[in-house]
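Here is the structure we will look at.
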Amino acid sequence: MDLRFEHQCSQCGALIRLFETERLLQCRFCGVKSYLSSEAPFHFVLPHQAPPDRELLYVPYLRFRGNVFSCQGNRTDFRFTDITQLGIPFEGLPASLGFRTQALTLKLLDPATPGTFLRPTLKLTDLLNKVSQLGAQSSQLPVYHRAHIGETTSLVFLPLYRQEDQLFDAVINEPALSLRRDQEINPDLATPLDGWRLNVLATVCPVCGWQLEGDKDSVAMVCRNCERVWETSSGRFALTDHVVVPDIGGEKTHLPFWKITATATGVPIKTFADFIRATHQPRVPLPEWEELPMSFWCPAFKIRPKIFLQLLRTATLAQPSYRQSERFRQKPLFPVTLPSSEAVQTLKVTLADLSLKKKDIFPLLPKVRFNVVKTTLVYLAFRDTGHELIQPCSQIVINKNSLDFGRKL
Ligand SMILES: [Zn+2]
Ligand SMILES: [Zn+2]
C-alpha cells in the first residue's frame with residue numbers, strides 16, 4: 003500500500019508531495035532541494051476535519067513495508083510484507099488503518115501540534131514476529147535466521163476526539179466507538195514526542211558547497227565536484243567511501259553495490275578461500291584467494307527479493323576486482339536506494355544462501371558473528387543490451403524492468 007505525504011518547501015512554502023520512502027524534496031516552484039532525515043522512524047499524522055474546539059487524541063499505528071528473509075528448514079525464503087497495525091491495546095479501535103493511508107495525503111508530525119499523543123506499546127519486533135507466523139511457510143521447521151532488509155518503518159497517528167460518550171474518528175468525523183460514561187482513556191500512554199525530530203538538510207556538499215545530486219528515493223547523495231558520496235547519519239551528511247570502477251569500453255551506466263569486507267566467527271571465515279570451502283563451492287580455491295580478504299557484495303538499490311538474492315550470490319562469488327577508482331565526470335549513476343546499514347544485514351543471508359550443504363551450515367547460523375572491517379560503495383559499469391544490463395567482468399546480469407520495479411518497493 004502506497005503512503006503519500008506532503009511537506010512544505012522551506013523556501014517558498016509550496017506543498018510538495020512525496021511517497022513514504024522518498025527523502026529528497028525538490029520544489030517545483032522555486033527549485034530549492036532539501037533532504038529529510040530522522041534517526042527515529044518517520045512520524046506521520048492523518049489529516050483531520052474535527053470541529054475547531056475539539057481536543058484531539060492521537061492513536062499510533064506501526065507500519066512496516068519491506069522484505070523479510072528467513073533461513074528455515076534447509077532453504078532461504080523471502081516475503082514482501084506491508085502491514086499497518088494498531089500500536090496500543092485499545093479495544094474497539096480498528097486493528098489496521100485499512101485503505102485510509104492510501105486514499106489520504108499524510109503530513110509529517112510537527113512536534114508543536116496540540117493534542118494528546120499516545121505512545122505505542124507494541125514493539126516492531128513483536129509486530130514482525132506476528133507477521134512471520136502468519137506466513138504460508140510457517141511450518142514446523144526450525145527458523146535459524148531471519149532478516150528484514152531494505153524496509154521502511156513508520157508511525158502513523160490517527161486523530162480522534164471525544165464527544166460525550168463517544169469517540170469520534172476525526173478523519174471522517176464519524177463515531178468510532180462508544181465509551182462508558184466514566185471511562186477514561188489511559189493517560190499513562192500519553193507522552194511528549196521527544197523521540198521524533200525531523201532534520202531538513204540543505205543538499206549542498208559539506209566539503210565544497212556544490213549541489214549534491216540524487217533522486218527522490220536516494221539514500222546517498224553524490225558530489226560530482228569534489229568526488230564524494232554522502233549518506234545520512236544522526237541527522238547529518240556522513241562521508242561514505244566509494245570507488246568508481248573504470249569501464250573497459252561500451253558500458254552505459256554505473257550501478258552501485260556495497261562491498262562489505264568482514265570476518266566471521268561461528269563459521270570461521272577470513273579470506274575468500276575460507277568462504278569457498280565453508281560453503282562447499284564446487285571449485286578449488288585459487289592460491290591468491292588465500293590472501294584475499296572476504297568481501298560480501300550487496301546491491302545498493304532496492305529490487306524484488308528473488309533478484310536481490312540472486313545478485314547477492316553472483317556478486318559475492320564474482321568478487322569484482324579493481325585497481326583504482328575513476329572520477330565520476332558525467333557518467334550516468336543509478337541512485338543508491340539501499341543504505342549501508344541495511345546492506346550489513348545481508349551477510350548471514352548470503353552465507354546461508356550460498357551454502358551448498360545447508361544441513362551443516364544452517365544450525366550454526368544463530369552463533370555466527372561478523373566483524374565488518376570496511377564498507378565501500380562500488381560503482382560497477384554495465385553494458386546495455388536493450389533488455390538487460392551486463393557487467394562484463396563479473397557476469398552480473400540485471401533485467402532493466404526489474405530495476406524500475408524495485409524503485410516502487
Ligand atoms: Zn519552494
Ligand atoms: Zn563536494
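In the numbering used here, the protein residues as written are 3 to 411. Backbone N, C-alpha and C fix where the C-beta goes; we use that ideal spot for every residue, glycine too.
Which stretch, first to last residue, makes up the beta strand (DSSP E) that contains residue 102? That residue, residue 102, is in no beta strand (DSSP E); its alpha helix (DSSP H) goes 102 to 105.
Touch test, the segment 303 to 313 against the segment 396 to 405, Cβ-Cβ under 8 Å, three pairs minimum: Enough Cβ pairs lie closer than 8 Å, so yes.
Please specify which runs of the beta strand (DSSP E), each continuous and at least 3 residues long, are wholly inside the segment 357 to 409, giving them in chain order. Fully enclosed beta strand (DSSP E) runs of 3 or longer: 371 to 386, 390 to 393, 398 to 401.
Rounding to the nearest angstrom, what Cα-Cα distance links residue 125 and residue 383 in this structure? Spanning the two alpha carbons is a distance of roughly 42 Å.
Is the distance from the Cβ of residue 51 to the Cβ of residue 227 below 7 Å? Result no, Cβ atoms of residue 51 and residue 227 do not sit closer than 7 Å.
Roughly how many whole angstroms lie between the Cα atoms of residue 341 and residue 223? When rounded, the distance between both Cα atoms is 11 Å.
Comparing the CB of residue 175 with every heavy atom of ligand 2, is any distance shorter than 6 Å? Not under cutoff, so the answer is no.
So for residue 276, helix, strand or coil by DSSP? If DSSP states are grouped into helix, strand and coil, residue 276 belongs with the helices.
Taking Cβ positions, are residue 268 and residue 152 nearer each other than 7 Å? In this structure, residue 152 does not lie closer than 7 Å to residue 268 by Cβ.
My parser needs the beta strand (DSSP E) runs of 3 or more residues fully inside the segment 14 to 74; what are they? Runs of the beta strand (DSSP E) lying entirely within the segment 14 to 74, each at least 3 residues long, are 17 to 21, 26 to 28, 35 to 39, 44 to 47, 58 to 74 in chain order.
Under three-state DSSP, which class holds residue 320? If DSSP states are grouped into helix, strand and coil, residue 320 belongs with the helices.
Measure from the alpha carbon of residue 250 to the alpha carbon of each residue in 262, 221, 324, 318, then state which is nearest. Just measuring C-alpha positions, the residue of 262, 221, 324, 318 sitting nearest residue 250 is 324.
Curious, which full-length beta strand (DSSP E) runs of at least 3 residues does the segment 235 to 298 contain? Listed in chain order, the complete beta strand (DSSP E) runs (minimum 3 residues) inside the segment 235 to 298 are 238 to 242, 244 to 246, 255 to 267.
Residue 328 and residue 246: beta carbons closer than 7 Å? A contact, by the Cβ cut-off of 7 Å.
In whole angstroms, what separates the C-alpha of residue 353 from that of residue 81? If you draw a straight line from the Cα of residue 353 to the Cα of residue 81, it is about 19 Å long.
Reference residue 297; option with closest CA among 241, 61, 261, 7: The shortest Cα separation from residue 297 among 241, 61, 261, 7 belongs to 261.
7 Å Cβ cutoff met for residue 22 and residue 5: The answer is yes: Cβ separation under 7 Å.
Alpha carbon of residue 414 to alpha carbon of residue 71, nearest angstrom: Only positions 3 to 411 of the chain appear in the structure, and residue 414 is not among them; the question remains open.
Spatially closest choice to residue 2 from 170, 356, 299, 121, by CA coordinates: This structure cannot speak to residue 2, because the chain is shown only from 3 to 411.
Are residue 255 and residue 304 close, meaning C-beta to C-beta below 7 Å? Their beta carbons are not under 7 Å apart, which means residue 255 does not touch residue 304 by this criterion.
Quick one: using the 10 Å Cβ neighbour count with 16 as the cut-off for buried, is residue 276 buried or exposed? It is buried - the Cβ of residue 276 has at least 16 other Cβ atoms within 10 Å.
Assuming residue 131 contacts residue 361 under a Cβ cut-off of 8 Å, what Cβ separation, rounded to an integer in Å, is found between them? The beta-carbon distance between residue 131 and residue 361, rounded to whole angstroms, is 26 Å. This is too long to meet the 8 Å contact definition.
What residue range is occupied by the uninterrupted beta strand (DSSP E) comprising residue 180? For residue 180, the uninterrupted beta strand (DSSP E) run begins and ends at 176 to 180, by DSSP.
As a quick exercise: from 258, 259, 302, 318, pick the residue whose alpha carbon is nearest that of residue 278. The candidate whose alpha carbon is nearest that of residue 278 is 318.
Quick one: is residue 393 buried, meaning 16 or more other Cβ sit within 10 Å of its Cβ, or exposed? Burial check for residue 393: the Cβ neighbour count within 10 Å reaches 16 or more, so the residue is buried.
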